[in-house]
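What follows is a short report on a single structure.
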Amino acid sequence: MRLKREELIEHVSSQMPARRWRHTLGVMQSAIELAERYGADPARAELAAIIHDVAKYWPVQRQAAVIADNGLDADLLNYDAPMWHSEVGAYVAEHEYGIEDREVIDAIRYHTSGRENMTLLDKIVCLADYIEPGRDFPGVDLIREKAQLSLEEGLIAGFDSTLRVLVERGQTIFPTTVLARNDLIRQLAQREQAGQAKPVAENRGG
Numbered sequence: 001m002r003l004k005r006e007e008l009i010e011h012v013s014s015q016m017p018a019r020r021w022r023h024t025l026g027v028m029q030s031a032i033e034l035a036e037r038y039g040a041d042p043a044r045a046e047l048a049a050i051i052h053d054v055a056k057y058w059p060v061q062r063q064a065a066v067i068a069d070n071g072l073d074a075d076l077l078n079y080d081a082p083m084w085h086s087e088v089g090a091y092v093a094e095h096e097y098g099i100e101d102r103e104v105i106d107a108i109r110y111h112t113s114g115r116e117n118m119t120l121l122d123k124i125v126c127l128a129d130y131i132e133p134g135r136d137f138p139g140v141d142l143i144r145e146k147a148q149l150s151l152e153e154g155l156i157a158g159f160d161s162t163l164r165v166l167v168e169r170g171q172t173i174f175p176t177t178v179l180a181r182n183d184l185i186r187q188l189a190q191r192e193q194a195g196q197a198k199p200v201a202e203n204r205g206g
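Note that the sequence shown covers residues 1 to 206 in UniProt numbering.
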């Protein structure tokens, strides 16, 4: 059954430490701001943001079981466990919280990895996760600056930061992230070739 907003917030926040819930609140704020700037539905952006990390602190064995037992993307299990919570969170959104909006579910699913042909909502939630006010890591200010220019430039900067860290640590790279980055670069190139201006923030006043 679909939960009311406050019930959903209560349930999701109970699944994580207080500091992670503060992060979620920041992602909610940033997702709303990006949705208003770039013409998406703020309510849908907030909904995906509320749920995006619901499974982040579940035991990895529980996350792996959800993936294995429900026909989810088993290839994830060949990569680092921090990747898994996005797929599990999308499952929880649909099957436990009764979310029927496929774009909201997918925005949760791809908020960590990105994907080719990201929807507007995918881009907003993924970028909000990078730039929420509580984030403090090398390069985050550049990502925030790029986010003011376009979602694509912000995400490319974010993925660059992630990939750089993974390479430096000698960790595996989930291929979908590379594909997402390449696709975003192509989108910017096509926009430039078509002579289109970058998306400009709407002036809504107040």
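Think of the CB as a built atom: it goes at the ideal place given N, C-alpha and C, for glycine as much as any other residue.
Note that the coordinates shown come from a computational prediction; the quantities given were computed from them, not determined experimentally.
Looking only at C-alpha atoms, which of the options sits nearest to residue i?
i	options	result
residue 207	Gly39, Ile51 and Ser150	Shown here, the chain extends from 1 to 206; a query on residue 207 therefore has no answer.
Gly139	Val125, His23, Phe159 and Leu149	Phe159
Leu34	Ser161, Val125, Thr162 and Thr172	Val125
Ala49	Ser30, Val66 and Gln61	Ser30
Gln171	Asn78, Met16 and Ala65	Asn78
Arg135	Arg20, Val12 and Ser13	Arg20
Pro137	Gly114, Asn117 and Ser161	Residue identity check: residue 137 is Phe in the sequence provided, not Pro. Closest option to Phe137, Cα to Cα, is Ser161.
Taking the straight line between their C-alpha atoms, what separation do you get for residue i and residue j?
i	j	result
Met83	Ala68	14 Å
Glu96	Ile9	14 Å
Arg5	Gln193	43 Å
His111	Gly39	19 Å
Leu3	Arg62	23 Å
Pro175	Glu7	36 Å
Ala180	Met16	28 Å
Glu132	Asn70	32 Å
Thr24	His11	13 Å
Ala45	Ala64	27 Å
Ala93	Gln148	29 Å
Ser14	Arg169	32 Å
Arg191	Leu76	32 Å
Arg186	Ala18	39 Å
Leu72	Gly195	41 Å
Given residue i, which residues of its chain have a CB within under 7 Å of its CB, disregarding the five upstream and five downstream residues?
i	result
Pro42	Ile32, Ala35 and Glu36
Arg109	Ser86, Glu87 and Ala90
Ala74	Ile67 and Ala68
Arg22	Gly134
Excluding five sequence neighbours on each side, which residues of the same chain lie with their C-beta closer than 8 Å to the C-beta of residue i?
i	result
Ile173	Leu163, Leu166 and Val167
Asp101	Arg44 and Leu47
Could you pull out every residue in the same chain whose Cβ sits closer than 6 Å to the Cβ of residue i, ignoring the five residues on either side in sequence?
i	result
Glu103	Thr119 and Leu121
residue 208	In the structure as shown, the chain starts at 1 and stops at 206, and residue 208 therefore has no counterpart that could be examined.
Asp129	Val27 and His111
Gly114	Cys126, Thr177 and Ala180
Asp183	Glu116
Ala107	Ala48, Leu121, Asp122 and Val125
Val60	Ala81
Glu202	Caution applies to Glu202, whose pLDDT of 49 falls short of 50 and renders its modelled position unreliable; the model cannot decide the point.
(message) I'd like to know if the segment 137-144 and the segment 154-165 are in contact, where contact means that at least 3 CB-CB pairs between them fall below 8 Å.
(response) They touch, by the three-pair rule.
(message) Threshold first: 4 residues or longer. Then list the alpha helix (DSSP H) segments lying entirely within the segment 104-165, N to C.
(response) List check, alpha helix (DSSP H) in window: 120-131 and 140-149.
(request) Could you say if the segment 52-60 and the segment 70-85 meet the contact criterion of at least three C-beta pairs nearer than 8 Å? (result) Counting Cβ pairs under 8 Å, three or more are found: they touch.
(request) Note down, one range per segment and in chain order, each alpha helix (DSSP H) of at least 4 residues found wholly within the segment 21-63. (result) Correct list: 42-51.
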